[in-house]
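In our numbering, the protein residues as written are 215 to 401.
Backbone N, C-alpha and C define an ideal beta-carbon position, used for all residues, glycine too.
So, in structure tokens, the structure goes:
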């Protein structure tokens, strides 16, 4: 089987990481490089990747995200703010934050392409990863979240569209059967 297709079929979301094992910088560099080689609208490459391994900053970001959750209109999200065990990045040893500058034509799409490349790169390097949504949808404009993002080097003019938890998987999500009837060929 083609190695790229094999990696695509093997990729799973990881929500349980070995918190005692850090990821080598060279592997994180390869993952981010894969993200930077993703397609972007008009090849603007308007993204910025912040690779965060600082546990103290990650815990402070988690606290800010939990505080923001307490303001949500959705009960399931509000419940996170009072859950002492809740960690939005699953305590992964590294978090890659994808932010986009205001000159991005299609920031969500560009971030999505970069994220998929990085998730596939992580899988190919025997690492687990999980797309993290909690920093998107305007969360990076919240004062508490933004203060921590500033400390993490996320450019002030950028909005966060996605983040990737990365580390060594303790376990990955099981493969679910693929939906049937989702493809038709027109000749």
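What's the call for residue i, buried or exposed, on a 16-neighbour Cβ count within 10 Å?
i: residue 399; result: exposed
i: residue 384; result: exposed
i: residue 359; result: buried
i: residue 346; result: buried
i: residue 372; result: buried
i: residue 352; result: exposed
What first and last residue would you give for the beta strand (DSSP E) that runs through residue i?
i: residue 314; result: 308–314
i: residue 377; result: 373–381
i: residue 221; result: Looking at the DSSP string, residue 221 is not in any beta strand (DSSP E); the run it does join, the alpha helix (DSSP H), is 217–224.
i: residue 266; result: 261–266
Taking the straight line between their C-alpha atoms, what separation do you get for residue i and residue j?
i: residue 302; j: residue 401; result: 46 Å
i: residue 225; j: residue 248; result: 15 Å
i: residue 286; j: residue 296; result: 13 Å
i: residue 391; j: residue 334; result: 20 Å
i: residue 230; j: residue 354; result: 25 Å
i: residue 387; j: residue 343; result: 11 Å
i: residue 258; j: residue 293; result: 39 Å
i: residue 300; j: residue 361; result: 21 Å
i: residue 261; j: residue 389; result: 31 Å
i: residue 381; j: residue 336; result: 9 Å
Quick one: give me the first and last residue of the alpha helix (DSSP H) that residue i is part of.
i: residue 362; result: 357–365
i: residue 338; result: 321–338
i: residue 229; result: Counting along the chain, residue 229 falls outside any alpha helix (DSSP H), though it belongs to the beta strand (DSSP E) covering 228–231.
i: residue 240; result: 239–250
i: residue 346; result: Taken as a continuous stretch (DSSP letters only), residue 346 belongs to no alpha helix (DSSP H), being part of the beta strand (DSSP E) at 342–346.
i: residue 281; result: 269–283
i: residue 290; result: 289–292
Using only alpha-carbon positions, find the residue among the options that is nearest to residue i.
i: residue 405; options: 395, 308, 387, 336; result: In this structure the chain extends from 215 to 401, so residue 405 is not present and cannot be described.
i: residue 279; options: 264, 304, 256; result: 304
i: residue 227; options: 306, 240, 216, 244; result: 306
i: residue 243; options: 234, 369, 264; result: 264
i: residue 310; options: 366, 215, 320; result: 366
i: residue 314; options: 350, 289, 374, 235; result: 374
i: residue 256; options: 332, 273, 338, 323; result: 323
i: residue 312; options: 282, 272, 369; result: 369
i: residue 236; options: 364, 395, 218, 379; result: 379
Is the region 315–332 touching the region 249–261, taking contact as three or more C-beta pairs under 8 Å? Segments in contact, yes.
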